[in-house]
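Just below is one structure, and these are the notes that go with it.
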Amino acid sequence: MAGPHDEHQSVIGSVGAAAVDSVRFVGGLAIMLHEALGHLFLGPFRGRPVRVRAFFQQALRVGPRSLGVVFLVNFFVGIILALIGGNVLMGLGFTRYVGNLMSAGIVVELGPLLTGVIMTGYIGAALAAEIGTMVVQEETTALKTMALDPIRHVVAPRILATVLMVPCVTLLGDVVGLLGGLLVSWGILDLSPDIYFEQAWRQLKESDVWKGLFKAACFGAIIGAIGCYQGFRVKGGAEGVGRVTTNAVVSCIITIIITDAILNYFLLFRLS
Numbered sequence: 004m005a006g007p008h009d010e011h012q013s014v015i016g017s018v019g020a021a022a023v024d025s026v027r028f029v030g031g032l033a034i035m036l037h038e039a040l041g042h043l044f045l046g047p048f049r050g051r052p053v054r055v056r057a058f059f060q061q062a063l064r065v066g067p068r069s070l071g072v073v074f075l076v077n078f079f080v081g082i083i084l085a086l087i088g089g090n091v092l093m094g095l096g097f098t099r100y101v102g103n104l105m106s107a108g109i110v111v112e113l114g115p116l117l118t119g120v121i122m123t124g125y126i127g128a129a130l131a132a133e134i135g136t137m138v139v140q141e142e143t144t145a146l147k148t149m150a151l152d153p154i155r156h157v158v159a160p161r162i163l164a165t166v167l168m169v170p171c172v173t174l175l176g177d178v179v180g181l182l183g184g185l186l187v188s189w190g191i192l193d194l195s196p197d198i199y200f201e202q203a204w205r206q207l208k209e210s211d212v213w214k215g216l217f218k219a220a221c222f223g224a225i226i227g228a229i230g231c232y233q234g235f236r237v238k239g240g241a242e243g244v245g246r247v248t249t250n251a252v253v254s255c256i257i258t259i260i261i262t263d264a265i266l267n268y269f270l271l272f273r274l275s
């Protein structure tokens, strides 16, 4: 029977193992990102650029093919935000300012954040599963045998595609979210579309749009980097691929939420 001393040692050992694994994860991710950025920015000057065809294939996968689910979620989030905000503003006698609430809430915060979370489940999991399968089937080993760098041919195009396409998808999702708010404002709150868009446009600043797009680009980098890196960490067969896929989704969502909090602090209070 284990005594209190043994249990104490077990807890310390578990905490230490988790800390070591976290440091190893962050270090490995940083090394992979450093190599990928080197191929993206320095590769063209070395005569070894990232393949344009591979980038466009991944951009098509990240962008247009994910629009349906992003539009659906943002539309109903716009409806929900307008219902809640409209109910509060109606009680205060400021129903006409629903457009202000929608433009600030969707463009600056909910649009980038929800799109990042959606893309995590849609793209981040797919990247981890795809690269994990390549590792299990030794395709990455075959690339190294042919003197081809897996970071250049596999990772760099995927990270570039997520960084560039997630902001584009977010911008379109913002428009759909505002249309969802318009539906509630017009049909339930008896607010004309002219007043709704006038107030939304009056509230919205150019800096707000850029803040939302910057956050979306950061979330895209997180999705691409963690999704790819988790794929390379696979151990075992199909079970290992499923494990790293789950870890990729969880890691991306947690990192996105923490990053969103940090960015909000600086963008809204320090750099505004």
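Taking the working numbering, I'd label the letters of the sequence shown as residues 4 to 275.
Using N, Cα and C, we set each Cβ at its ideal position, and we do this for glycine too.
Inter-segment contact for the stretch 110–117 and the stretch 133–150 is absent: fewer than three beta-carbon pairs are separated by less than 8 Å.
In this chain, the alpha helix (DSSP H) harbouring residue 177 covers 159–190. The DSSP-derived three-state label of residue 223 is helix. For the pair of segments examined, the stretch 41–58 was found to touch the stretch 153–163: the number of CB pairs separated by less than 8 Å reaches three. The three-state reading of DSSP puts residue 54 in coil, since its state is none of H, G, I, E or B. The continuous alpha helix (DSSP H) containing residue 79 extends over residues 70–95. Between residue 25 and residue 18, the alpha-carbon positions lie close to 11 Å from each other. Buried is the label assigned to residue 177, since at least 16 other Cβ atoms lie within 10 Å of its Cβ. Around the beta carbon of residue 159, a 10 Å sphere encloses 16 or more other beta carbons of the protein chains shown; the residue is thus reported as buried.
Taking every protein chain shown into account, the CB of residue 68 has fewer than 16 other CB atoms within 10 angstroms, so this residue is exposed. Straight through space, the alpha carbons of residue 271 and residue 37 are spaced by roughly 29 Å. DSSP places residue 202 in the helix class (H, G or I) of the three-state scheme.
With contacts defined by Cβ atoms closer than 8 Å, residue 131 and residue 57 do not form a contacting pair.
DSSP, reduced to helix, strand and coil, places residue 239 outside both helices and strands of the structure shown, so it counts as coil. In this structure, the CA atom of residue 241 is about 8 Å from the CA atom of residue 136. In the structure shown, the three-state DSSP call for residue 60 is helix.
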